[in-house]
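Participant: For the sequence shown, my numbering assigns the number 1461 to the initial residue and increments by one for each residue that follows.
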Amino acid sequence: MESFDTFKNRIVKYGIVLMFIIEIASIPVIGLNYKFALGLLLGTAISVVNLYLLAFQCRQVIMQGNKLISVWGYLLRLFLFGAVAVICIKISLRCGVGAILGILTTKAAMFIVSMSRSKEGKDAISDIKAELPESDMKRAKVDILKTDLQETDRDCLNKNSDCK
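1. Which of the three DSSP states is assigned to N1526 in this structure?
2. The alpha helix (DSSP H) spanning N1469 covers which residue range?
3. Is I1547 close to chain B, meaning its C-beta is less than 7 Å from at least one C-beta of that chain?
4. Let's see if you can read the secondary structure: which residues bound the alpha helix (DSSP H) around S1574?
5. Cα separation between L1473 and A1569?
6. Distance, Cα to Cα, G1558 vs M1479?
7. Which residues in the same chain as I1471 place their Cβ atom closer than 8 Å to its Cβ, once the five residues preceding and following it in sequence are excluded?
8. Between the stretch 1476-1494 and the stretch 1516-1529, do three or more beta carbon pairs fall short of 8 Å?
9. Where does M1461 fall in DSSP's three states?
10. Please report the Cβ distance between L1502 and G1556, rounded to the nearest whole angstrom; I am assuming they are in contact, meaning their Cβ atoms lie under 8 Å.
11. Rank V1544, M1575, V1477 and L1492 by C-alpha distance to the C-alpha of V1509 and give the top, closest one.
12. G1475 and R1554 look like a contact to me (Cβ under 8 Å); what is the Cβ gap, rounded to whole Å?
13. Assuming the contact rule is C-beta atoms closer than 8 Å, A1515 and K1468 should be a hit. Round their C-beta distance to whole Å, please.
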């Protein structure tokens, strides 16, 4: 069975290959434009950084149960995407289009790699769970149940009804 890190690395490799395919395909259409290539490179780079940050944050949330990490991580990743988009669009429209296509290369690579995975290595989440000690998994499940119960109790108090 393929590990999560191997799966992630395959996505990055496919994304880089797709970036080169897009660049080669763009030559007959717009010529060899360095601004488009720069945007494509920046978009692909930020998309790869996003993938690694997302994987790191998911592991932290699963291991520590700290949901706040996911919120701050989302905001950080959103800011990075926005910063690259604004910088590239300020350089030129072709650079901006290249950045958008670069961002999409990793998304397309995820789709390609997911479709090409064998059935035995189908679920990457199970790989993360396999790496965690059993006690951490039980603690994470208990924390989730506690949160659900607290929310249910709060809903009952807000409605002033007799919830059982």
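C-beta atoms are modelled at their ideal positions from N, C-alpha and C, and glycine is treated no differently.
Facilitator: Taking the geometry as given:
1. In the three-state scheme derived from DSSP, where H, G and I count as helix and E and B as strand, N1526 is classed as coil.
2. Here the alpha helix (DSSP H) through N1469 covers F1464 to I1490.
3. You won't find chain B in this structure, because it holds only one protein chain.
4. Element bounds for S1574: L1553 to S1576.
5. Residue identity check: residue 1473 is Lys in the sequence provided, not Leu. Rounded to whole angstroms, K1473 to A1569 spans 8 Å at the Cα level.
6. Taking the straight line joining both Cα atoms gives about 10 Å.
7. For I1471, where only same-chain residues beyond five positions count, the Cβ hits under 8 Å are L1511, T1566, A1569, M1570 and V1573.
8. Flag = no, the stretch 1476-1494 and the stretch 1516-1529 do not touch.
9. The predicted model places M1461 with a pLDDT of 42, which falls under 50 and marks its position as unreliable; any figure quoted below should be read in that light. In the structure shown, the three-state DSSP call for M1461 is coil.
10. Incorrect: roughly 10 Å between the Cβ atoms, too far for contact.
11. With distances taken between Cα atoms, V1509 lies closest to V1544.
12. Rounded, the Cβ-Cβ distance is 20 Å, inconsistent with contact.
13. Rounded, the Cβ-Cβ distance is 6 Å, consistent with contact.
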